[in-house]
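In the numbering used here, each residue carries its 1-based index in the sequence shown increased by 165.
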Amino acid sequence: MTSSPPPTNDRLLRALRREPVDRTPVWLMRQAGRYLPEYRASRRDAGSFLAMAKNPDLACEVTLQPLRRFPLDAAILFSDILTIPDAMGLELYFVEGEGPKFRHPVRDAAAIARLGVPDMEGELRYVMDAVRVIRRELDNRVPLIGFSGSPWTLACYMVEGGGSKDFARIKAMALNDPKALHALLSVNTDAVIAYLAAQRAAGAQVLQVFDTWGGVLSPAMYRAFSLPYLTRIARELERGDGPDRTPLILFGKGTAAYLEDLAASGADGVGVDWLVGLDEAARRTAGRVALQGNLDPAVLYGNPDAIRREVASVLDAYRDGNGGSREGHVFNLGHGMSPDMNPDHVGVLVEAVHAHSAR
Ligand code: 1CP
Numbered sequence: 166m167t168s169s170p171p172p173t174n175d176r177l178l179r180a181l182r183r184e185p186v187d188r189t190p191v192w193l194m195r196q197a198g199r200y201l202p203e204y205r206a207s208r209r210d211a212g213s214f215l216a217m218a219k220n221p222d223l224a225c226e227v228t229l230q231p232l233r234r235f236p237l238d239a240a241i242l243f244s245d246i247l248t249i250p251d252a253m254g255l256e257l258y259f260v261e262g263e264g265p266k267f268r269h270p271v272r273d274a275a276a277i278a279r280l281g282v283p284d285m286e287g288e289l290r291y292v293m294d295a296v297r298v299i300r301r302e303l304d305n306r307v308p309l310i311g312f313s314g315s316p317w318t319l320a321c322y323m324v325e326g327g328g329s330k331d332f333a334r335i336k337a338m339a340l341n342d343p344k345a346l347h348a349l350l351s352v353n354t355d356a357v358i359a360y361l362a363a364q365r366a367a368g369a370q371v372l373q374v375f376d377t378w379g380g381v382l383s384p385a386m387y388r389a390f391s392l393p394y395l396t397r398i399a400r401e402l403e404r405g406d407g408p409d410r411t412p413l414i415l416f417g418k419g420t421a422a423y424l425e426d427l428a429a430s431g432a433d434g435v436g437v438d439w440l441v442g443l444d445e446a447a448r449r450t451a452g453r454v455a456l457q458g459n460l461d462p463a464v465l466y467g468n469p470d471a472i473r474r475e476v477a478s479v480l481d482a483y484r485d486g487n488g489g490s491r492e493g494h495v496f497n498l499g500h501g502m503s504p505d506m507n508p509d510h511v512g513v514l515v516e517a518v519h520a521h522s523a524r
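Here is the structure:
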């Protein structure tokens, strides 16, 4: 928000503006979650993941849990990308051990035509309330990241009715009825822009879009069904100017082939997975955006020495591809953490990032 002072720890905001920082900022995708015993206890008390996400005080509690353990440089709102389709009427639920599902998936043009942008201070008020509570409790110590799924990634869950291995239904729709799929992507884009704008108005200081399933598309299909909608978000989402600007990060999994396009999209930062070297990514994006990433999450299964070695190698790869400078880098994993990871190893990682990147 333009009216509030910058956070005391503003490394993340400075890095996203490619300004000098004393050390590289670090946060981790899925930093709140099942690998933390205190998260499992909160979820047990709440009864379910959804009960927790829909209660602003509980969402705040689990958002803050990783920050109590580790000197992370940002908090990320505890919520889910599937809140938007849920609010559109698809009805999100979870089957233990099977992940998210929708009671009313959308499978044809008629169902898509009935979808509308949800009311951000109505059906989705619980998300905005969580942002407001977290900002109050964070008391400006670190910035708060708000987020959304990408139009394509949301559409995958909406059409498949849950997670998928082959994306058969949505790819069939792309082939057989591209007009219907574009109508779905278009309403999703309107909803994502409204959702991110509302999170920003509620107090989110950085915004990230997760295009988790962009990489399952062929290049021609990615350029038809994901990239143009990401670009529309980057261009149309109002986020201020200068030091008050709320930066937008586009994260894609398996989308390194499109780094140049993502860097030209109008986004402030691009998140990269671990299938491309950060030296190559930095060279190809040539200072047009900040880069976020890209440690293979599986490195957290290694021992502390291995973790320190791999962290140093990611930091050095970025510097090597960025003309010898470490500015413009946000350290993160190339994708989210897993429930079976050792919390002590996260401590080693964060400490290693700060130690190895100190200017
Ligand atoms: O406790 C539980 O059992 C629920 C597991 C869980 C958690 C911890 C889900 C269900 N969502 C979340 C929180 C969450 N989801 C966050 C905030 C926490 C943090 O980062 O610290 C965020 C940013 C997400 C985003 C999300 N949800 C994505 C994009 C990021 C990614 O990891 O690719 C996706 C694809 C989802 C869908 C989803 N929700 C939950 C699960 C298990 C999944 C993945 C299902 C699948 O693999 O298809």
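Ideal Cβ positions, reconstructed from N, Cα and C, are used throughout, including at glycine.
| Asked | Found |
| --- | --- |
| Given 8 angstroms, three or more beta-carbon pairs between the segment 320–329 and the segment 215–232 | no |
| Residues sharing a beta bridge with Ala240, DSSP | Leu309 |
| 8 angstroms Cβ shell around Leu289 - same chain, five flanking residues per side excluded | Thr248, Ile249, Ala252, Pro283, Tyr360 and Ala363 |
| At least three beta-carbon pairs within less than 8 angstroms, the segment 378–391 to the segment 413–433 | yes |
| Supposed contact pair His510 and Ala180 - C-beta distance, whole angstroms, cut 8 angstroms | So it is not a contact: roughly 23 angstroms between Cβ atoms. |
| Complete beta strand (DSSP E) runs within the segment 238–293 (minimum length 3 residues, chain order) | 257–260 and 264–267 |
| Cβ-heavy atom distance, Pro123 to the ligand 1CP, below 7 angstroms | Residue 123 cannot be examined here, being either before or after the span of the chain that is shown, 166 to 524. |
| Beta-bridge pairing of Asp409 - partner residues as DSSP gives them | According to DSSP, Asp409 bridges with nothing at all. |
| Proximity test, Ala369 beta-carbon vs the ligand 1CP heavy atom, cut-off 7 angstroms | no |
| Cβ contact (3+ pairs, closer than 8 angstroms) linking the segment 224–244 and the segment 291–309 | yes |
| Enclosing alpha helix (DSSP H) for Gly486 [first to last residue] | Pro469 to Gly486 |
| Rounded Cβ spacing between Leu514 and Val476 (contact assumed at less than 8 angstroms) | 6 angstroms |
| DSSP three-state assignment for His494, whether helix, strand or coil | strand |
| Through-space distance from Thr396 to Ala389, alpha-carbon basis | 12 angstroms |
| Residue interval of the beta strand (DSSP E) (run including Gln364) | Gln364 -> not in any beta strand (DSSP E); alpha helix (DSSP H) instead, spanning Pro343 to Ala367. |
| Burial state of Leu340 (16 or more Cβ within 10 Å) | exposed |
| Cβ-heavy atom distance, Phe235 to the ligand 1CP, below 7 angstroms | no |
| Gln196 (DSSP reduced to helix, strand or coil) | coil |
| Three-state secondary structure assigned by DSSP to Ala339 | helix |
| Residues of its chain near Ala356, where Cβ-Cβ distance is below 6 angstroms and the 5 sequence neighbours each way are ignored | Ile249 and Val282 |
| Thr377 versus Lys330 - alpha carbon distance | 13 angstroms |
| Gly314 in three-state terms, based on DSSP | strand |
| Beta-carbon spacing of Ala523, Arg208 below 8 angstroms | no |
| Near the ligand 1CP: Ser503 beta-carbon under 7 angstroms from a heavy atom | no |
| Reference Pro462, options Ile310, Ala385, Glu445 and Val437, closest by Cα | Val437 |
| Boundaries (first-last residue) of the beta strand (DSSP E) holding Leu460 | Ala455 to Leu460 |
| Residues bridged to Gly436 (per DSSP) | Phe416 and Gln457 |
| Cutoff 6 angstroms; reference Ala369; Cβ partners in own chain excluding five residues on either side | Val296, Leu309 and Gly311 |
| Close beta carbons around Glu492, own chain, < 8 angstroms, minus the five adjacent residues each side | Ala180, Arg183, Glu184, Pro185 and Val186 |
| Residues near Trp439 by beta carbon distance below 6 angstroms, same chain, minus five either side | Asn459, Asp461 and Gly499 |
| Environment of His521 [buried if 16+ CB atoms lie within 10 Å] | buried |
| Per-residue DSSP class, three states only, for Gly380 | helix |
| DSSP three-state assignment for Val374, whether helix, strand or coil | strand |
| Coil, strand or helix - Val191 by DSSP | strand |
| Sufficient close CB pairs (3 or more, under 8 angstroms) joining the segment 209–218 to the segment 168–175 | no |
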